[in-house]
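For the sequence shown, our numbering assigns the number -12 to the initial residue and increments by one for each residue that follows.
Cβ coordinates follow ideal geometry from the N, Cα and C atoms, glycine included.
Owing to the predicted nature of the structure, the values given are computational and were not obtained by experimental measurement.
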Amino acid sequence: MDKALAKFGNDIAIAFSGAEDVALIEYARLTGRPFRVFSLDTGRLNPETYQFFDTVEKHYGIRIEYMFPDAVEVQGLVRSKGLFSFYEDGHQECCRVRKVRPLRRALKGLRAWITGQRKDQSPGTRAEVPVVQVDPSFEGLDGGVGSLVKWNPVANVQGLDIWNFLRAMNVPVNSLHSKGYISIGCEPCTRAVLPGQHEREGRWWWEDAKAKECGLHKGNLKQEDGNKNGNGHANGTATVSDLFDTQSLVTLTRTGMENLAKLENRKEPWLVVLYAPWCPFCEAMEGSYVELAEKLAGSGVKVGKFNADGDEKEFAKRELQLGSFPTILFFPKHSSQPIKYTSEKRDVDSLMAFVNALR
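Put into structure tokens, the structure is as follows:
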């Protein structure tokens, strides 16, 4: 903690969820250095968590920097799908609106952030969490890949040791912990766990245990074939989660890409990302690209994706200017020649500027 605060100063902040990660704030206090804390207020937290935020602010004499979801996006989601769509559709869509996008806004103002992730929290998704890493999913203040450092100072600490520390230092804790809650998130998606259950079993209990990340730490979700060098996956045997999952995007096949490339007079321009599901750089731009697609919905610009890995890779290299993943192409309305996006800045504003300059 001391090293992180010393290195980044005011450009680093602690991500506080209102659970036992209050230990991070206590660690920061003990360094004697100034520190910042931010939290995501999804609008669906337990009353006890809101009360705990107030207690923490008063105990440490700080002001938590709250990040809120976009009201228009929340309104659109709730009006179209209701208040509890995640029980049927899965939690990713709601989390993307209420948590991931507000987090992305917060991180764009930082060069580093500190999380309370621990390896023992979830053997399925957090067993390999390092103490420090280049964030695989988000961009920082300077933009582009590698612009954000992620510190996980308690990655190798056991939960029992965290709680012993909290008790020894007389640190205030969320009252939900005394009611059987260990991992704490939004009220509809969190419940108490029974003795012997793993702490993350109380989160999104209706879903597959291997997918219990809300998107804040999506980089923890690994492919299951053990191949981590990014050169495999050509035989189709690996189980890798697909990217850019939204109804605002068109999934293009090889035939679709061939037809799109041949057209000289398209009815509308297209923006297409050539990607590989295993690619960490593709994953890092997923949120930005999905948000861009949703903003461009109804604008006259079609947004698509094409999995150019495996059997499609040579075709993409030969016909679609693929050099590395991801490759982003803009197909103008009245030209057969696609225009390649060459910048490594893949945030929403940069991509939108590229589209607006060519549409």
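Subject >> residue 294: first and last residue of the uninterrupted beta strand (DSSP E) it sits in >> reply: 289 to 294
Subject >> Residues of its chain near residue 188, where Cβ-Cβ distance is below 6 Å and the 5 sequence neighbours each way are ignored >> reply: 180
**OP:** Going by CA-CA distance only, name the one from 152, 258, 119 that's closest to residue 282.
**Re:** 258
Original post:
Distance, Cα to Cα, residue -9 vs residue 284?
Top reply: 41 Å
Subject >> Expected contact under 8 Å - CB spacing of residue 387 and residue 239 to nearest Å >> reply: Look at the range of the chain in this structure, -12 to 346, and you will see that residue 387 is not part of it.
Subject >> Local conformation of residue 54 per DSSP, three classes >> reply: strand
Original post:
Would you report the Cα separation of residue 11 and residue 118, rounded to the nearest angstrom?
Top reply: 13 Å
**OP:** Return yes when at least one heavy atom of the ligand MG lies under 7 Å from the C-beta of residue 69, else no.
**Re:** By its list of ligands, the structure shown contains no ligand whatsoever, and the ligand MG lies outside what it can speak to.
Original post:
Which two residues bound the contiguous beta strand (DSSP E) that contains residue 101?
Top reply: 99 to 101
**OP:** For the stretch 132 to 141 and the stretch 91 to 107, state whether three or more C-beta atom pairs, one from each stretch, are separated by less than 8 Å.
**Re:** yes
Original post:
Helix or strand or just coil, what does DSSP make of residue 332?
Top reply: coil
**OP:** Report the three-state DSSP secondary structure of residue 118 (helix, strand or coil).
**Re:** coil
Original post:
For the alpha helix (DSSP H) that residue 275 lies in, which residues bound it at each end?
Top reply: 273 to 283
Subject >> Same chain only: Cβ atoms within 6 Å of residue 317, ignoring 5 sequence neighbours per side >> reply: 258, 326, 345
**OP:** Answer with buried or exposed for residue 193, where buried requires no fewer than 16 other C-beta atoms within 10 angstroms of its C-beta.
**Re:** exposed
Original post:
How long is the line joining the alpha carbons of residue 51 and residue 112, rounded to whole angstroms?
Top reply: 28 Å
**OP:** Let me know if residue 156 comes out buried or exposed under the rule of 16 or more other beta-carbons within 10 Å of its beta-carbon.
**Re:** exposed
**OP:** Kindly list the residues whose CB is nearer than 8 Å to the CB of residue 42, restricted to its own chain and excluding five residues on each side of it in sequence; keep chain order.
**Re:** Cβ neighbours of residue 42 beyond the five flanking positions: 159.
**OP:** Work out the CA separation of residue 246 and residue 302 for me, nearest whole Å.
**Re:** 13 Å
**OP:** Use the C-beta contact count for residue 321: other C-beta atoms within 10 angstroms, 16 or more gives buried, fewer gives exposed.
**Re:** exposed
Subject >> Inter-residue Cα distance where the pair is residue 62 and residue 81 >> reply: 11 Å
Subject >> residue 86 and residue 27 closer than 8 Å at C-beta >> reply: yes
**OP:** Flag this pair as yes or no: are the beta carbons of residue 261 and residue 230 separated by less than 8 Å?
**Re:** Not closer than 8 Å, so no.
Subject >> residue 24 (DSSP reduced to helix, strand or coil) >> reply: strand
Original post:
With respect to the beta strand (DSSP E) encompassing residue 347, which residues constitute its N-terminal and C-terminal limits?
Top reply: Any answer about residue 347 is impossible in this case: the structure gives the chain only from -12 up to 346.
**OP:** Please classify residue 262: does DSSP put it in a helix, a strand, or coil?
**Re:** strand
Original post:
How many whole angstroms separate the CB atoms of residue 146 and residue 107, which I take to be in contact at a CB cut-off of 8 Å?
Top reply: With 8 Å as the limit, residue 146 and residue 107 qualify as a contact, their Cβ atoms being about 6 Å apart.
Original post:
Does DSSP put residue -5 in a helix, in a strand, or in coil?
Top reply: helix
Subject >> Contacting residues, own chain, Cβ-Cβ under 6 Å from residue 140 (five flanking each side not counted) >> reply: -12
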